[in-house]
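Chains D and E are the protein sequences, given in the same order. If you're matching positions, the first sequence starts at 737 in my numbering and goes up one per residue. If you're matching positions, the second sequence starts at 0 in my numbering and goes up one per residue. Note sheet for the following structure.
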Amino acid sequence: MIDKKLLSILVCPVSKGELDYQADKNELVCWSSGLAYPVRDGIPVMLESEARALSEDEKQQHKHR
Amino acid sequence: MSEKKTTHFGFEQVEVDKKAERVADVFHSVAGKYDLMNDLMSGGVHRLWKRYTIEKSAVRTGHKVLDIAGGTGDLSYQFAQKVGPEGLVVLADINASMLNVGRDRLTDRGVAGNLTCAQADAQYLPFPDNTFDCITIAFGLRNVTDKDLALAAMLRVLKPSGRLLILEFSKPANPLLEKAYDTYSFSLLPLMGKLITNDADSYRYLAESIRMHPDQKTLQGMMDNAGFVMTEFQNMTGGIVALHMGVKP
Numbered sequence: 737m738i739d740k741k742l743l744s745i746l747v748c749p750v751s752k753g754e755l756d757y758q759a760d761k762n763e764l765v766c767w768s769s770g771l772a773y774p775v776r777d778g779i780p781v782m783l784e785s786e787a788r789a790l791s792e793d794e795k796q797q798h799k800h801r
Numbered sequence: 000m001s002e003k004k005t006t007h008f009g010f011e012q013v014e015v016d017k018k019a020e021r022v023a024d025v026f027h028s029v030a031g032k033y034d035l036m037n038d039l040m041s042g043g044v045h046r047l048w049k050r051y052t053i054e055k056s057a058v059r060t061g062h063k064v065l066d067i068a069g070g071t072g073d074l075s076y077q078f079a080q081k082v083g084p085e086g087l088v089v090l091a092d093i094n095a096s097m098l099n100v101g102r103d104r105l106t107d108r109g110v111a112g113n114l115t116c117a118q119a120d121a122q123y124l125p126f127p128d129n130t131f132d133c134i135t136i137a138f139g140l141r142n143v144t145d146k147d148l149a150l151a152a153m154l155r156v157l158k159p160s161g162r163l164l165i166l167e168f169s170k171p172a173n174p175l176l177e178k179a180y181d182t183y184s185f186s187l188l189p190l191m192g193k194l195i196t197n198d199a200d201s202y203r204y205l206a207e208s209i210r211m212h213p214d215q216k217t218l219q220g221m222m223d224n225a226g227f228v229m230t231e232f233q234n235m236t237g238g239i240v241a242l243h244m245g246v247k248p
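Here it is, written out as structure tokens:
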């Protein structure tokens, strides 16, 4: 779960690009920087050092969606 | 072999990429007793400093406010009352422990709807350009590794005419006060820290980091360089604390 008002003004701290909220993994994904930011206890962790690098598979799947 | 770049962590020199980690350890350690320690250390005066900051912010109904290094949420709580249901307050802190304490406290005080939390680094703010009417950073800039980078990031996410307020420990104007303050902060402060949180080192860092922070004029110059206009500062409690203000052109 993430606050909708907050989500509407969050961007990736690296690319400043839009974020895609993935409810199944509870992550905020930036496709342009290839990073997924975790949401812990409802608080988005917008730190590059805490982000997960997306796999090539995930990026490909997104492209062909 | 090239030497690694260093920066100050209190009076100690540490590698630039280690400072954030060291600061994080300090705040993980003190988070639970942070409010109590603030009251004891400042004799409750920190509440007056914060109240004055709120007054100078000119925040009103409908505004979007970013409270950076907002920690346990003192300023955010006041702002949430001011912006009303149409506004939004984002409580941001790089430290998860501080943010959790802040969030729980705000929930206990019945704040909801217009106040939200994000874990973020002041140097790399996760918001679009021209988003906020006001940004505050209270007792936080001191701990940021690259202050120029942080000032540039704050300028970027402020709306034109938006206002930045920096509340921070500074340099006492009077040499006598400075001497008394030195004695207090280098002897009494770590002792209080040891008694209350069993952590003298964190409070020694606090005292040292205050001495390493740029003085009033230097910080104002850094704000000018970052691109803020109408920059000014006001000393409080004889310059132990200063409130710096600047506007995005």
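Cβ coordinates follow ideal geometry from the N, Cα and C atoms, glycine included. Since this is a predicted model, take the numbers as computed values, not measurements.
Rounded straight-line distance, which links the Cα of E:Gln-80 to that of E:Met-0 | Here residue 0 of chain E refers to the residue found at position 1 when the second sequence is read from its first residue. Here residue 80 of chain E refers to the residue found at position 81 when the second sequence is read from its first residue. For E:Met-0, the pLDDT reaches just 45, beneath the cut-off of 50, and the residue's location in the model is therefore unreliable, leaving the point undetermined.
Exercise for the section: Assign E:Met-244 to one of two classes, buried (16 or more other C-beta atoms within 10 Å of its C-beta) or exposed (fewer than that). Expected result: Sequence index remark: in the second sequence, residue 244 of chain E carries index 245 (1-based). Looking at its Cβ environment, which holds 16 or more other Cβ atoms inside 10 Å, E:Met-244 is buried.
Compute the distance between the beta-carbons of E:Ala-241 and E:Phe-232, then report whether it is under 8 Å.
-> As a first step, residue 241 of chain E is located in the second sequence; it is residue number 242 there, counting from the start. As a first step, residue 232 of chain E is located in the second sequence; it is residue number 233 there, counting from the start. Their beta carbons are under 8 Å apart, which means E:Ala-241 touches E:Phe-232 by this criterion.
Which one of D:Val-750, D:Pro-749 and D:Ala-759 has the shortest CA to CA distance from D:Ile-738? Along the first sequence, read from residue 1 onward, the residue named residue 738 of chain D stands at position 2. For D:Ile-738, the closest alpha carbon among the candidates D:Val-750, D:Pro-749 and D:Ala-759 is that of D:Ala-759.
| message | Only counting the same chain, and skipping five residues up and downstream in sequence, which positions put a Cβ closer than 7 Å to that of D:Met-753? | response | For the purposes of this step, residue 753 of chain D is identified with residue 17 of the first sequence, where counting begins at 1. In the sequence on display, residue 753 of chain D carries Gly and not Met. Within the same chain, and ignoring the five residues on either side of D:Gly-753 in sequence, the residues whose Cβ sits closer than 7 Å to its Cβ are Val-747, Cys-766, Ser-768 and Ser-769.
>> Beta-carbon within less than 6 Å of E:Ile-165's beta-carbon, same chain only, minus the 5 sequence neighbours each way: which residues are those?
In response: The residue labelled residue 165 of chain E in the question sits at position 166 within the second sequence. When the five nearest sequence neighbours on each side are left out, the beta carbons in the same chain lying within less than 6 Å of the beta carbon of E:Ile-165 are those of Ile-136, Leu-140 and His-243, in order along the chain.
_Using 8 Å as the threshold, is the C-beta distance between E:Phe-78 and E:Asp-92 below it?_
Indexing the second sequence from 1 puts residue 78 of chain E at position 79. Indexing the second sequence from 1 puts residue 92 of chain E at position 93. No, they are not a contact pair.
Exercise. Leaving aside the five residues before and after E:Gly-72 along the sequence, list all residues of the same chain whose C-beta is less than 6 Å from its C-beta, in chain order.
Key: Residue 72 of chain E sits at position 73 when you count from the first residue of the second sequence. Contacts found: Leu-90, Gly-101, Arg-104 and Leu-105.
Next on the checklist: Three or more C-beta pairs under 8 Å: does that hold for the stretch 28–37 of chain E against the stretch 48–59 of chain E?
Outcome noted: Segments in contact, no.
Note to self: At a cut-off of 7 Å, would you count E:Ser-160 as near the ligand PLP, judging by its Cβ distance to the nearest heavy atom?
What the structure shows: By its list of ligands, the structure shown contains no ligand whatsoever, and the ligand PLP lies outside what it can speak to.
Using C-beta distances below 6 Å, list every residue in its chain close to E:Gly-9, excluding the 5 sequence neighbours before and after it, in chain order. Counting from 1 along the second sequence, the entry for residue 9 of chain E is found at position 10. Close CB contacts of E:Gly-9 within its chain, under the 6 Å cut and outside five residues either way in sequence, are with Tyr-204, Glu-207 and Ser-208 (chain order).
Residue span of the alpha helix (DSSP H) that contains E:Asn-37, given as start and end: Counted from its first residue, the second sequence places residue 37 of chain E at position 38. Run containing E:Asn-37: 33–41, per the alpha helix (DSSP H) assignment.
| said: Nearest by alpha-carbon distance to E:Arg-210: which of E:Ser-160, E:Asp-198 and E:Glu-177 is it? | reply: As a first step, residue 210 of chain E must be located in the second sequence, where it is residue number 211. Of the candidates E:Ser-160, E:Asp-198 and E:Glu-177, E:Glu-177 places its Cα closest to the Cα of E:Arg-210.
How is E:Ala-149 classed by DSSP in three states: helix, strand or coil? Sequence index remark: in the second sequence, residue 149 of chain E carries index 150 (1-based). Shown here, E:Ala-149 sits in a helix according to DSSP, grouped into three states.
**Study point:** C-alpha gap between E:Leu-39 and E:Gly-192, whole angstroms
**Key:** Taking the first residue of the second sequence as position 1, residue 39 of chain E is located at position 40. Taking the first residue of the second sequence as position 1, residue 192 of chain E is located at position 193. When rounded, the separation of the alpha-carbon atoms in E:Leu-39 and E:Gly-192 is 10 Å.
task: Kindly say whether E:Pro-213, judged by its beta-carbon, lies nearer than 8 Å to any beta-carbon of chain D.
output: What you label residue 213 of chain E is simply residue 214 of the second sequence in a count that begins at 1. No, E:Pro-213 lies away from the interface with chain D (no Cβ there is under 8 Å from its Cβ).
**OP:** Could you name the residues that DSSP lists as bridge partners for E:Asn-94?
**Re:** Stepping through the second sequence from its first residue, residue 94 of chain E is reached at position 95. In the DSSP assignment, E:Asn-94 forms no beta bridge with any residue.
DSSP state of E:Ala-137 mapped onto helix, strand, coil: In the second sequence, the residue the question calls residue 137 of chain E occupies position 138. In the displayed model, E:Ala-137 falls within a strand according to three-state DSSP.
| task | Please compile the residues from chain D whose C-beta is within a distance smaller than 9 Å of the C-beta of E:Tyr-123. | result | Residue mapping note: residue 123 of chain E aligns to position 124 of the second sequence, counting from 1. Within 9 Å Cβ-Cβ: Pro-749, Val-750, Met-782, Leu-783 and Glu-784.
Next item on the list: Give me whichever residues DSSP pairs with E:Phe-168 in a beta bridge.
Entry: Indexing the second sequence from 1 puts residue 168 of chain E at position 169. According to DSSP, E:Phe-168 bridges with E:Val-240.
Item to complete: Whole angstroms is fine: what's the gap from E:Pro-171's alpha carbon to E:Ile-239's?
Response: Counted from its first residue, the second sequence places residue 171 of chain E at position 172. Counted from its first residue, the second sequence places residue 239 of chain E at position 240. Each residue's Cα considered, the two are about 5 Å apart.
Cut-off 6 Å between Cβ atoms - residues of its own chain near D:Glu-784, not counting five sequence neighbours on either side = On the first sequence, residue 784 of chain D is found 48 positions in, with the first residue counted as 1. These residues qualify, in order along the chain: Val-750.
Practice problem: State the Cα-Cα distance for the pair D:Asp-777 and E:Ser-169, rounded to the nearest angstrom. | Solution: The sequence position of residue 777 of chain D within the first sequence is 41, counting from 1. The sequence position of residue 169 of chain E within the second sequence is 170, counting from 1. Computed Cα separation, rounded: 35 Å.
Margin query: Just checking: is the beta-carbon of D:Lys-741 within a distance shorter than 8 Å of some beta-carbon in chain E?
Written below: For this step, residue 741 of chain D is matched to residue 5 along the first sequence. Interface with chain E (8 Å Cβ-Cβ cutoff): D:Lys-741 is included.
Please tell me whether E:Asn-197 and E:Gln-215 are closer than 8 Å, where the distance is taken between their beta carbons. As a position in the second sequence, residue 197 of chain E is number 198, starting the count at 1. As a position in the second sequence, residue 215 of chain E is number 216, starting the count at 1. No, Cβ-Cβ distance for E:Asn-197 and E:Gln-215 is not below 8 Å.
ask   = Interface residues of chain E around D:Leu-746 at Cβ under 8 Å?
value = In the first sequence, residue 746 of chain D corresponds to position 10, counting from 1. Within chain E, the residues near D:Leu-746 are Ala-117, Pro-125 and Phe-126.
Residue-chain proximity (D:Ala-777, chain E), Cβ-Cβ < 8 Å: In the first sequence, counting from the first residue as 1, residue 777 of chain D sits at position 41. Reading off the sequence, residue 777 of chain D comes out as Asp, not Ala. Output row for D:Asp-777: interface = yes.
So, is the C-beta of E:Asn-99 closer than 8 Å to a C-beta in chain D?
-> Position 100 of the second sequence holds residue 99 of chain E. Taking Cβ atoms only, chain D reaches closer than 8 Å to E:Asn-99, which makes this a yes.
For E:Gln-80, the three-state DSSP class (helix, strand or coil)
Mapped onto the second sequence, residue 80 of chain E falls at position 81. It is helical.
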